[in-house]
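Engineer:
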Ligand SMILES: CC(C)(COP(=O)(O)OP(=O)(O)OC[C@H]1O[C@@H](n2cnc3c(N)ncnc32)[C@H](O)[C@@H]1OP(=O)(O)O)[C@@H](O)C(=O)NCCC(=O)NCCS
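In the working numbering, the protein residues as written are -12 to 163.
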């Protein structure tokens, strides 16, 4: 599938991390398990869902930087990204995170990123590509099957609060 006109997909560069994190905070609130935890137990954890999610993106970039693909517009501004990991032992590639900034949505960038990511996983010897989505994420539930992904299982996440201690000063929850 071609990349939409005016955009190009390129490999990740270390300087991309802040832009990827900014898109993450802008886009993930409605589909974040971490945000659901903050909503259930406000103020219980040090830091916010956004802190934890942006750390997860930094981890994706550090653990397998070649698994991160970035889509940029004609000016070179980052419009979206996909992160992934390979496992040569299992040959299952995991597509960990995918996001496209709001002003670049519905142009086909998410689809193009996933196609490029699948191609890279294939080139790295993976046999299966795995991706997860929340049940209420209509976009994911439409997009992934249209790219050949089949639903194989549903998972329910539970949480229990283990202590009533509040976070220390300066570590308050600032979830948006
Ligand atoms: C999911 C996401 C990356 C899609 O990015 P995008 O560039 O807008 O997606 P595309 O333009 O490639 O759209 C691909 C398909 O997704 C579906 N889709 C996209 N936006 C949709 C919407 N608002 N409502 C319903 N379906 C939608 C459609 O099937 C669409 O195909 P079509 O345009 O041919 O109908 C983007 O919405 C996003 O960043 N969401 C927040 C983060 C997220 O949910 N990440 C995935 C976690 S599982």
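Where a beta carbon is used, it is the ideal one built from N, C-alpha and C, also for glycine.
Does residue 96 pass the burial test, meaning 16 or more other C-beta atoms within 10 Å, or should it be called exposed?
Structural biologist: Locating residue 96 in the chain shown gives position 109, where the first residue counts as 1. It counts as buried.
Engineer: Taking the alpha carbon of residue 50 as the reference point, which residue from 71, 36, 34, 58 has its own alpha carbon closest?
Structural biologist: Here residue 50 refers to the residue found at position 63 when the chain shown is read from its first residue. The residue with the shortest Cα to Cα distance from residue 50 is 71.
Engineer: For chain C, check one thing: does any of its Cβ atoms lie closer than 8 Å to the Cβ of residue 113?
Structural biologist: Absent here is chain C; the protein component of the structure consists of one chain.
Engineer: Could you check where the beta strand (DSSP E) with residue 5 kicks off and where it finishes?
Structural biologist: For the purposes of this step, residue 5 is taken as the residue at position 18 of the chain shown. Note, residue 5: premise wrong, no beta strand (DSSP E); alpha helix (DSSP H) at 4 to 14.
Engineer: Could you say which of 112, 79, 55, 113 lies nearest to residue 85 if we only look at CA atoms?
Structural biologist: By 1-based counting over the chain shown, the position of residue 85 is 98. Checking every option, the nearest Cα to that of residue 85 belongs to 55.
Engineer: Distance, Cα to Cα, residue 104 vs residue 19?
Structural biologist: Position 117 of the chain shown holds residue 104. Position 32 of the chain shown holds residue 19. Residue 104 and residue 19: Cα-Cα distance of roughly 22 Å.
Engineer: Helix, strand or coil: which one does DSSP assign to residue 66?
Structural biologist: Your numbering for residue 66 matches position 79 in the chain shown. Correct three-state label for residue 66: strand.
Engineer: Can at least three beta-carbon pairs, one atom from the region 57 to 73 and one from the region 27 to 38, be found at a separation below 8 Å?
Structural biologist: Touching, no, given that fewer than three Cβ pairs across the two stretches are closer than 8 Å.
Engineer: Give me whichever residues DSSP pairs with residue 40 in a beta bridge.
Structural biologist: As a first step, residue 40 is located in the chain shown; it is residue number 53 there, counting from the start. Bridge partners of residue 40: none, in fact.
Engineer: Comparing the CB of residue 165 with every heavy atom of ligand 1, is any distance shorter than 7 Å?
Structural biologist: Only positions -12 to 163 of the chain appear in the structure, and residue 165 is not among them; the question remains open.
Engineer: Taking the alpha helix (DSSP H) that residue 103 falls in, what are its first and last residues?
Structural biologist: One-based indexing of the chain shown puts residue 103 at position 116. Where residue 103 is concerned, the enclosing alpha helix (DSSP H) stretches over 96 to 110.
Engineer: Pop quiz: residue 10 and residue 80 are said to be a contact at Cβ under 8 Å. What is the actual Cβ separation, rounded to whole angstroms?
Structural biologist: Position 23 of the chain shown, counted from the first residue, corresponds to residue 10. Position 93 of the chain shown, counted from the first residue, corresponds to residue 80. At roughly 22 Å, the Cβ-Cβ gap does not stay under 8 Å, so residue 10 and residue 80 are not in contact.
Engineer: Rounded C-beta distance between residue 100 and residue -4? I'm assuming under 8 Å.
Structural biologist: Numbered from 1 along the chain shown, position 113 holds the residue referred to as residue 100. Numbered from 1 along the chain shown, position 9 holds the residue referred to as residue -4. Contact holds; Cβ gap of about 7 Å.
Engineer: CA-CA distance, residue 127 and residue 74?
Structural biologist: The sequence position of residue 127 within the chain shown is 140, counting from 1. The sequence position of residue 74 within the chain shown is 87, counting from 1. Those two C-alpha atoms are separated by around 23 Å.
Engineer: Could you pull the start and end residues of the beta strand (DSSP E) that residue 83 belongs to?
Structural biologist: Counting from 1 along the chain shown, the entry for residue 83 is found at position 96. It spans 79 to 87 - the beta strand (DSSP E) in which residue 83 sits, taken as one unbroken run.
Engineer: Which residues does DSSP list as the beta-bridge partners of residue 57?
Structural biologist: For the purposes of this step, residue 57 is taken as residue 70 along the chain shown, with counting starting at 1. Per DSSP, -3, 68.
Engineer: Starting from residue 116, follow its DSSP beta bridges and name the residues at the other end.
Structural biologist: On the chain shown, position 129 is the one that residue 116 refers to. Looking at the DSSP assignment, residue 116 forms a beta bridge with 80.
Engineer: Report whether the distance from the Cβ of residue 125 to the nearest heavy atom of ligand 1 is below 7 Å.
Structural biologist: By one-based count along the chain shown, residue 125 stands at place 138. At least one heavy atom of ligand 1 is nearer than 7 Å to the Cβ of residue 125, so yes.
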